[in-house]
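Residue numbers (our numbering): 922 to 1177.
Backbone N, C-alpha and C define an ideal beta-carbon position, used for all residues, glycine too.
Heads up: the structure comes next, in structure tokens.
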Ligand SMILES: C[S@@+](CC[C@H](N)C(=O)[O-])C[C@H]1O[C@@H](n2cnc3c(N)ncnc32)[C@H](O)[C@@H]1O
């Protein structure tokens, strides 16, 4: 019997290379938007933290705008991939740290910017992690949260979360925009900007990235093929199983 943390390690540790080259992760409108938001407000001397850095795409995009970027992840091989690529790209601002969002190994008020991208749907105790983000942020500091969103319609949401879990046992939950807002407000983080956009998940690379066993791929495909019209339309399920969900971005500030 494995803990969730062990499942996360098993899912991600062998996959650093796949995440480094994944089109969904290496690109996306959010990387440019993140750079714009940060260059507009965060001073260049700032220290920043990227939680659940994976293969490092957000850290690589933002590091040139900052004095120091700590890339944190529970997976040692993701951290090794980040260090290697950062060295190759001359990004000396990046350092790595093993850890999880729920228990950040930093003193209060350590960072002017805390960010996370495509990771929070794996966190078991999101409320605690959001409080941790607020704790390690300096007064007046900014947080940038990017993640796949849950659907407001319960029928579509249950379907989406089910196929996500079948594909990847380390999936916990894509939170809806309303769930995020309530958690962020409770932690005292003021929303300055929010955006959402469609993210198309191409079926074969989506399952290959997580090494989904063939029997589970078959269950996903059968659910998709037999799914109700409302779900098939809401998720734009295509003949090969590719589908589209929404990604959300929250730009937040801790009171000065
Ligand atoms: C999809 S990858 C992240 C992608 C990356 N942030 C990017 O911009 O390309 C998800 C990462 O979240 C990490 N993760 C899972 N659970 C976590 C937790 N509780 N705290 C922090 N990171 C976690 C995984 O190890 C994995 O590397």
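Query: Okay, do the segment 967–978 and the segment 986–1004 touch, 3+ Cβ pairs below 8 Å being the bar?; Result: yes
Query: Rounded to whole angstroms, how far is the Cβ of residue 980 from the Cβ of residue 1015, which I believe are closer than 8 Å?; Result: 6 Å
Query: What three-state label does DSSP hand residue 999 in the structure shown?; Result: helix
Query: Count Cβ pairs between the segment 1139–1152 and the segment 1003–1023 that sit closer than 8 Å; are there 3 or more?; Result: no
Query: For residue 1056, which residues from the same chain have a beta carbon less than 6 Å from its beta carbon, with the 5 sequence-adjacent residues on both sides left out?; Result: 1029
Query: Do the CB positions of residue 941 and residue 1002 come within less than 7 Å of each other?; Result: yes
Query: Hey, would you say the C-beta of residue 1158 is under 6 Å away from at least one heavy atom of ligand 1?; Result: no
Query: Do residue 1117 and residue 1169 count as a contact pair if the criterion is CB distance below 7 Å?; Result: yes
Query: Taking 8 Å as the limit between beta carbons, can you name the residues of its chain near residue 1141, skipping five residues before and five after?; Result: 1084, 1087, 1088, 1128, 1133 and 1162
Query: Between which two residues does the beta strand (DSSP E) harbouring residue 1123 extend?; Result: Counting along the chain, residue 1123 falls outside any beta strand (DSSP E), and DSSP gives it neither H nor E.
Query: Using a threshold of 7 Å, state whether the C-beta atoms of residue 984 and residue 1012 are closer than that.; Result: yes
Query: Where do the ends of the beta strand (DSSP E) carrying residue 950 lie?; Result: Residue 950 -> not in any beta strand (DSSP E); alpha helix (DSSP H) instead, spanning 950–962.
Query: Among residues of its own chain, excluding the 5 on either side of residue 1130, which ones have a beta-carbon nearer than 8 Å to its beta-carbon?; Result: 936, 939, 940 and 943
Query: From residue 1071 to residue 1158, what distance separates their C-alpha atoms?; Result: 16 Å
Query: So if I measure from each beta-carbon to every heavy atom of ligand 1 and keep distances below 6 Å, which residues remain?; Result: 929, 933, 940, 946, 972, 973, 974, 975, 976, 978, 979, 994, 995, 996, 999, 1021, 1022, 1023, 1038, 1039, 1040, 1043 and 1044
Query: What are the boundary residues of the alpha helix (DSSP H) that includes residue 1100?; Result: 1098–1107
Query: From the DSSP output, read off the bridge partner residues of residue 1166.; Result: 1120
Query: List, from N- to C-terminal side, the beta strand (DSSP E) runs of 3 residues or more that fit wholly inside the segment 1003–1036.; Result: 1015–1019
Query: So, with DSSP's three-state summary, where would you put residue 991?; Result: strand
Query: Which stretch, first to last residue, makes up the alpha helix (DSSP H) that contains residue 1147?; Result: 1135–1147
Query: Identify the continuous alpha helix (DSSP H) that holds residue 1054 and give its terminal residues.; Result: 1047–1057
Query: For residue 1137, which of 957, 1174, 1090 and 1000 has the nearest alpha-carbon?; Result: 1090
Query: Verify whether the separation of the beta carbon atoms of residue 1093 and residue 1042 is less than 7 Å.; Result: yes
Query: Where does the unbroken beta strand (DSSP E) through residue 972 begin, and where does it stop?; Result: 968–972
Query: Look at residue 1048 and residue 987 and say whether their C-beta atoms are less than 7 Å apart.; Result: no
Query: Can you give the Cα-Cα distance for residue 965 and residue 926, rounded to whole angstroms?; Result: 35 Å
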